[in-house]
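Number of protein chains: 4
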Amino acid sequence: MHTDFAHLQKRLPAWLEESRQLAEHGKVAGYIPGLARAPLRRLGISLHSITGEQLAAGECGAAFTLQSISKVFSLLLALMDRGEQGVFEKVGMEPTGDDFNSMLKLELVEPGKPFNPLINAGAIAVASLIRGDGPAEKSARLLDLIRTVAGDATIGWNEEVYRSESATAHRNRSLAYFLKDNAVLDDEVEPTLEVYFRQCAIEVNCGQLARMGLVLASGGKDPRSGSELIPRRYVQIAKTFMITCGMYNASGEFAIQVGIPAKSGVSGGILALVPGELGIGLVGPALNDKGNSVAGVHLLQTLSRQYDWSMF
Amino acid sequence: MHTDFAHLQKRLPAWLEESRQLAEHGKVAGYIPGLARAPLRRLGISLHSITGEQLAAGECGAAFTLQSISKVFSLLLALMDRGEQGVFEKVGMEPTGDDFNSMLKLELVEPGKPFNPLINAGAIAVASLIRGDGPAEKSARLLDLIRTVAGDATIGWNEEVYRSESATAHRNRSLAYFLKDNAVLDDEVEPTLEVYFRQCAIEVNCGQLARMGLVLASGGKDPRSGSELIPRRYVQIAKTFMITCGMYNASGEFAIQVGIPAKSGVSGGILALVPGELGIGLVGPALNDKGNSVAGVHLLQTLSRQYDWSMF
Amino acid sequence: MHTDFAHLQKRLPAWLEESRQLAEHGKVAGYIPGLARAPLRRLGISLHSITGEQLAAGECGAAFTLQSISKVFSLLLALMDRGEQGVFEKVGMEPTGDDFNSMLKLELVEPGKPFNPLINAGAIAVASLIRGDGPAEKSARLLDLIRTVAGDATIGWNEEVYRSESATAHRNRSLAYFLKDNAVLDDEVEPTLEVYFRQCAIEVNCGQLARMGLVLASGGKDPRSGSELIPRRYVQIAKTFMITCGMYNASGEFAIQVGIPAKSGVSGGILALVPGELGIGLVGPALNDKGNSVAGVHLLQTLSRQYDWSMF
Amino acid sequence: MHTDFAHLQKRLPAWLEESRQLAEHGKVAGYIPGLARAPLRRLGISLHSITGEQLAAGECGAAFTLQSISKVFSLLLALMDRGEQGVFEKVGMEPTGDDFNSMLKLELVEPGKPFNPLINAGAIAVASLIRGDGPAEKSARLLDLIRTVAGDATIGWNEEVYRSESATAHRNRSLAYFLKDNAVLDDEVEPTLEVYFRQCAIEVNCGQLARMGLVLASGGKDPRSGSELIPRRYVQIAKTFMITCGMYNASGEFAIQVGIPAKSGVSGGILALVPGELGIGLVGPALNDKGNSVAGVHLLQTLSRQYDWSMF
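Residue numbers (numbering that gives the first Met the number 0), protein chains in the order written: chain Y, 0 to 311; chain P, 0 to 311; chain L, 0 to 311; chain A, 0 to 311.
What follows is the structure, encoded as structure tokens:
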């Protein structure tokens, strides 16, 4: 175990305030009201250790939507539902270097399947692989998984955000029809997108997110009971994607500078983990130009350097 | 007048049969039954001269859908409805070198407006500019224009083709949502696409198409009465686009090898014209790899060389 | 004949001054001193009619280098040396919609040959097709053609510009090695580039350029003697490319707004012509963001509208 | 320590023979004779453990050139010479999803610096950062580092391969001039490429490569003496890039399927390591369509699954 919790407890508030200053250089996502209302300078972090310790600092109680962070769990559920082969015949394993909503590689690289499950095109393809009788059941099954992993049955959807996403998501519809044209989607576009928009609108706080990270850090086991919630191999796959593609097209830089599996969302949330050690939930709505929480990335980098978290 | 009609009448059947041989190297569009049923070796041509002469050869009576040829007339109607400025703030004037359904330049080149009105993205944007209270009225107004230009009030839509296009057009939906996301479309996607799919499904024969070409060759005037059907400047714009972008991404080659304004469709139809002289309607469903009638292009090249048709 | 020379003579100075105002919105090419020294507000135009009339206005005596305008004549010489087949197996016929020095389509579209002879990659390929024992002879043969067409044996190279181009042309070297890798160039890179840089550095004035345009407007014939300087078919090919690709990736817009064959250069020169009627030489060093003379394009548009020059 | 060496010793020959069968589905690089001569079915592997054990199987004594594997060590030397900031102002940290010799992102993504140091463009930029008075000294310094890390002062260049690479590397020259144009290269192109071609031509065998891997697995320390050969932070950076970009545009898949830092070369060599445990050197000249040793990747996947090597 790298991290000295007593030391961390003392230093965390100051580090957080230092990182919070960077929020001024970022921008809150403004394309829907449910995101645009978030305070620019909000910054909260929660850390859960495998030995049962918990720490928090900043605005930790604030609720925010998972957005792209949900892609990790839809991937896990699709893997549980379809197996590796079933998932990877529809979506690839490669980072792209392009924007999360880019269509370039879909058009340029045969056979037009999404490069990985963490870009939007890939996540839409993954959403279509979740089993269930219609979008309501699929969405409910994914929410169930997230409740289980977060250890909190009260987690739900933010209906306003769901409706706003659905109303404004022209680019995601464009991606989905492109996939449909390439025969990557077997389902119809709108029911698939309903699942996708619902998963983006699942609402959590930092503590719940830290617990979700801790389950991944534990290789898929319930941190208390030790029982398997998600097969270890699928967690391994998810953690690998979090390193190679988790932070949009700044994933490579994050791997060099922080070096731990992480997934960000446009709400400013970041799910991160130190394998075998820590789950981390963070929110900081001010985004940098790659779409990651500017203060959040800075804080994780500070912690990683301080406690030598890099896996590499 | 370059073309000796007496000479042409004698030679045309042999030239047509020679070009027909090339159909073996092409393929009939197979994505919907209404196109796939067309005979591979069908080839028909009709020529109407400004002096009132008419010639035809091959399977000229066969009906086929306009498909992309309709883009010329939706552009003309949008220009009549909105003026040059109204149209060109939504769609550009440049050839692309890309496939007709490509999204590359929409993503790569700011501000994401379609490069020209004859690629699919541009034609969808143009369809949204036609005035009318809903898609039915817009479609009816475009059909009216085409009936007027063709001088035949019996022209209508092929309902089967319309329904098939609408059911399978995932790529066009993808393009339309991309445009919506870029604020190029003010209307909703589905009503806009209804206009677009309907225009593609307008059914003509070679004679009607030749008459349409003759109106363009006459600068927009009714060839008999001399009255203006379309303002001359808009016809000039249309003819320019037919040279620079009319034959998909083989437009440059067609300009070099044939040198006259033309627009092709996936049905194998080609609308062409010799300015001030001739309107030409042609159908040959076997397409080359750029999507143009392989026999039709060959026949036009033969005629252009024989009678020195090139504008250049 | 559309153009009333007496009327034009009276009005031209005022139109030129009006267009000159636009120079403020452009920028003189600054990458080499030989270009950067040109005055921003310089504007000169010369018109030669097929009936022997000549008109000039503005700073017509100023010398400037042909730059990309030379691509028209290297294409003509390569066609005379190799025939259509010999040229078009190395370079295509399609406009690209990309920047003149783009490598995108070379990488993305098989088999990696340049899309047309008027983008840099295509012009480098064309330069390699000119016959001659080494770059000096090739360059001399091209200069000879230009002297003949301009009717002026005193035309030569600007050695300073040649040396500067050669010293700074990293992007063109990059393009040339890319072509070499794709087996489009049979010659070595540096001797080919020497020919290319020399052709760009040929120095003319507006009157000489107008005479060059007049030869093209006459279908390749000497406007005085009527003897053939360039085969008519090759001139036809050149004029077609000038319409589809002559004004960089604003060629489509120029075709719509002006409608005559033209080729621009980074020196602010424009060679244009009204087929069967006029040759035009123009210089205006202030360039718009597409690389064309901002005042020059405006002046040509004024004249085209006034005298109905559009071919379409 | 995951790997049971006694068990491995017994099973390795059979696993190697099984993987060797896959060589039939690959192709030996044929662009220069020095690579083309390598036997298609060659397969050799050497493993050095941190506890001093060594194992080998197959054709382990065969010499082969490092090719792209050298990029790891030129990066390390450049980091030692210039520091992180000095390197990363010239080259990025992101995987691309494109071919190793692609120019797309250089043209499309501002400001045109290479996305990472393991694609060709990035490695050329890195080569220019190595300190030394001219290419000979730079090359000698890099060879020295490799000799030190391999623990073998007899390692040298394959002069024939060096000369062939230099003679045929039109695409790399194209990349280098593109970088020069973008001001990424401060040095001249040819001296920079001399360093780059020389590093590619360094000749090793599997045992030497395994020793190089072991130094990286040890965080930069000499495995015997424990003295620091390379600063630990720079080794961390190198290992991170090996995960995100080490196996061309199959790096993501390799991370999912094998999960250890690795770097492949067009000679069929692969340098790999299990952090804190093992260095691995491997050669199998038959390449898959991504450019990686087809048998080698299969063998590493077998071993990783057997001994649970994945870092994730």
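Cβ atoms here follow ideal geometry from the backbone N, Cα and C, with glycine treated the same way.
Any beta carbon of chain Y sitting closer than 8 Å to that of residue i?
i, result
"A:Glu-227", "no"
"P:Lys-179", "yes"
"A:Lys-238", "yes"
"P:Met-102", "yes"
"P:Ser-173", "yes"
"P:Val-170", "Strictly speaking, residue 170 of chain P in this sequence is Arg, with Val absent from that position. P:Arg-170 counts as touching chain Y."
Measure the C-alpha to C-alpha separation of residue i and residue j and round it to an integer number of angstroms.
i, j, result
"P:Pro-222", "P:Leu-277", "10 Å"
"P:Leu-21", "L:Ile-255", "34 Å"
"P:Val-257", "L:Thr-239", "10 Å"
"Y:Ile-68", "Y:Gly-96", "19 Å"
"A:Ser-226", "A:Gly-218", "11 Å"
"A:Asn-171", "L:Gly-29", "28 Å"
"L:Ala-126", "A:Leu-76", "42 Å"
"A:Lys-382", "L:Ser-101", "It is not possible to answer for residue 382 of chain A, since the shown part of chain A is limited to 0 through 311."
"Y:Phe-87", "Y:Leu-74", "11 Å"
"Y:Arg-232", "Y:Glu-83", "10 Å"
"P:Thr-243", "P:Gly-51", "29 Å"
"A:Arg-140", "L:Val-188", "31 Å"
"Y:Leu-192", "Y:Leu-174", "10 Å"
"L:Val-183", "L:Lys-70", "17 Å"
"L:Leu-213", "P:Leu-107", "39 Å"
"L:Cys-59", "L:Ser-224", "25 Å"
Suppose the cutoff is 6 Å on Cβ atoms and the five residues either side in sequence are ignored; what does the same chain contact list for residue i look like?
i, result
"Y:Gly-283", "Leu-42, Gly-267, Ser-292, Ala-294, Gly-295"
"L:Gln-66", "Cys-199, Gly-264, Val-265, Ser-266"
"L:Pro-260", "Lys-238, Met-241, Ile-242, Leu-272"
"P:Phe-253", "Met-246"
Out of the options, point me to the one whose CA is closest to residue i's CA.
i, options, result
"Y:Gly-91", "Y:Leu-75, Y:Pro-110, Y:Asn-115", "Y:Asn-115"
"L:Glu-93", "L:Leu-298, L:Gly-251, L:Leu-184, L:Ala-182", "L:Gly-251"
"Y:Asn-287", "Y:Ala-261, Y:Ala-139, Y:His-297, Y:Val-71", "Y:His-297"
"L:Leu-361", "L:Leu-46, L:Gln-8, L:Asp-80", "No answer is possible for residue 361 of chain L: the residues shown for chain L start at 0 and end at 311."
"Y:Trp-14", "Y:Ala-55, Y:Pro-38, Y:Thr-50, Y:Leu-39", "Y:Ala-55"
"P:Val-203", "P:Tyr-233, P:Ala-216, P:Gly-155", "P:Gly-155"
"L:Ser-309", "P:Val-234, P:Ala-149, P:Gln-300, P:Tyr-306", "P:Val-234"
"Y:Pro-274", "Y:Tyr-247, Y:Leu-78, Y:Met-211, Y:Pro-134", "Y:Met-211"
Mapping DSSP to helix, strand and coil, what is residue i?
i, result
"A:Val-282", "strand"
"Y:Glu-106", "helix"
"P:Val-203", "strand"
"A:Lys-70", "helix"
"A:Ser-138", "helix"
"P:Ala-261", "strand"
"Y:Gly-60", "coil"
"A:Ala-168", "coil"
Residues in the same chain with beta-carbon distance under 7 Å from residue i, minus the five sequence neighbours each way, listed in chain order, please.
i, result
"A:Lys-26", "Ala-285, Leu-286"
"L:Phe-196", "Tyr-161, Glu-164, Ser-165, Ala-168"
"P:Ala-209", "Ser-45, Leu-46, His-47, Gly-278, Ile-279, Gly-280"
Chain P beta carbons: is any one of them nearer than 8 Å to that of residue i?
i, result
"Y:Arg-197", "no"
"L:Ala-254", "yes"
For residue i and chain A, any beta-carbon pair shorter than 8 Å?
i, result
"L:His-47", "no"
"Y:Ile-242", "yes"
"Y:Gln-300", "no"
"Y:Met-246", "no"
Step through the CB atoms of chain L and report whether any lies within less than 8 Å of the CB of residue i.
i, result
"A:Glu-106", "yes"
"P:Phe-114", "yes"
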